[in-house]
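Here is the structure we will look at, set down as structure tokens.
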Amino acid sequence: MNASMDSVPVKFQVADLEPFEESTELLGDPEELRARAERDGYLFFRGLLDPEPILQLRSKVLEILTEHGLRASDADPLDGKLDLARLNELSADQMRVDIGVTADVYTDLQKLPELHRLPHHPSLLDIYRNLFDTDDVFVHPRHIMRAMTSHPATGATPPHQDFPLVQGSTATWTCWFPVGDCRLESGPLVILRGSHREGCLPVGTGDGEGHWTNWGAQLCEHETNWVGGDFAVGDVVMFPSLTVHRSLPAAVRDEVRISMDVRYQRGGDVIEARSLTNHSDRPWDEIYQGWSSENADLMYYWHPDRLSYIPWDDALLEPGARRIC
Ligand SMILES: O=C(O)CCC(=O)C(=O)O
1390 MNASMDSVPV KFQVADLEPF EESTELLGDP EELRARAERD GYLFFRGLLD PEPILQLRSK
1450 VLEILTEHGL RASDADPLDG KLDLARLNEL SADQMRVDIG VTADVYTDLQ KLPELHRLPH
1510 HPSLLDIYRN LFDTDDVFVH PRHIMRAMTS HPATGATPPH QDFPLVQGST ATWTCWFPVG
1570 DCRLESGPLV ILRGSHREGC LPVGTGDGEG HWTNWGAQLC EHETNWVGGD FAVGDVVMFP
1630 SLTVHRSLPA AVRDEVRISM DVRYQRGGDV IEARSLTNHS DRPWDEIYQG WSSENADLMY
1690 YWHPDRLSYI PWDDALLEPG ARRIC
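Sequential numbering from 1390 applies to the sequence shown in our numbering.
Written as structure tokens, this is what we have:
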């Protein structure tokens, strides 16, 4: 084996980023949509979601940041400007480094019914019905909301596949969208086009820019087909769980980048039980406390009995052998 053929930490160059190809014109054509997904390992839609509910959610998120003293006092209502002095007083131990704020802030975010409503948007469900070729689309309740800040303990999300982290079925898809506009300098998600065809990659290098490199996917030097771009509110990118993706390092240091990532699968596919827990690690009873009856449809809809389970596999997250490129 030639050592130079081993996988190496791949440095990301923003200048090499190619734009996302839009798939909006394929929305009425499920076969073409599936063919595009199969070809590229992602689908990008401009203006898919109505901005109104997203901006309402943004305003609630920002209110919570204000309550926790993290917003700049001169910030406009929908502006994500932070009080950096307050942010930097927080110890690394308090931070959810994958989220960008403290565990307490994150629990408060998870209690917002609006956060749990958006993933059920009819436009998203329609796409997954077409992609999965079934009406039985299951929305994982374990939604992730990132409120990424420049706290020193946090960093860009390294290149990785969701499969080792979510497990269940490789046919599970992630949907990522910003909660507000998100330009390149705010650190949005980018996708390694075609990477879904490489199978489940060994973990254990990352690229040295992120902070959680033990689950980063090992990439080869030639794997540089990164695609991405500015997101406007309402734009959405989605991809299956073997597609490698990452976030860009944010050049803007004094603003929070708010986004959601949500998972979907066929109701008949296997699932790993953790996908039914809340991502803040708080019990659902606590998350749902105080919700009004108009949100009753969002509570416990994911009841465990209707699904088939596959156990968690620790081996998928054990840093393994070096990938041969
Ligand atoms: O938003 C991020 O920084 C990471 C998102 C992610 O990894 C995902 O959508 O699976």
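The beta carbon of each residue, even a glycine, is placed where N, CA and C say it ideally should be.
>> Tell me the residue span of the beta strand (DSSP E) that contains glutamine 1654.
In response: 1646–1655
>> For valine 1616, report the span of its beta strand (DSSP E) as first-last.
In response: 1615–1617
>> Let me check understanding here. Comparing Cα to Cα, which of Arg1423, Pro1530 and Gly1588 lies closest to leucine 1520?
In response: Arg1423
>> Quick check on threonine 1491: does DSSP put it in helix, strand or coil?
In response: strand
>> For tryptophan 1615 and alanine 1426, what's the separation of their Cα atoms in angstroms?
In response: 16 Å
> Where valine 1645 and histidine 1505 are concerned, what is the direct C-alpha to C-alpha distance, given to the nearest angstrom?
Replying inline: 20 Å
> Excluding five sequence neighbours on each side, which residues of the same chain lie with their C-beta closer than 8 Å to the C-beta of leucine 1554?
Replying inline: Trp1604 and Leu1706
> Given a threshold of 16 other Cβ atoms within 10 Å of its Cβ, counted over all protein chains shown, does glutamate 1420 qualify as buried or as exposed?
Replying inline: exposed
>> Quick check: the segment 1432–1442 against the segment 1527–1535, are at least 3 beta-carbon pairs closer than 8 Å?
In response: no
>> Does the distance between the C-beta of isoleucine 1443 and the nearest non-hydrogen atom of ligand 1 fall short of 8 Å?
In response: no
> Can you tell me whether aspartate 1465 is buried or exposed, with buried defined as 16 or more other CB within 10 angstroms of its CB?
Replying inline: exposed
> CA-CA distance, threonine 1613 and phenylalanine 1409?
Replying inline: 14 Å
> In whole angstroms, what separates the C-alpha of leucine 1444 from that of glycine 1569?
Replying inline: 6 Å
>> Nearer than 8 Å: is that true of the beta carbon of threonine 1455 relative to any heavy atom of ligand 1?
In response: no
>> Taking the straight line between their C-alpha atoms, what separation do you get for leucine 1476 and arginine 1642?
In response: 11 Å
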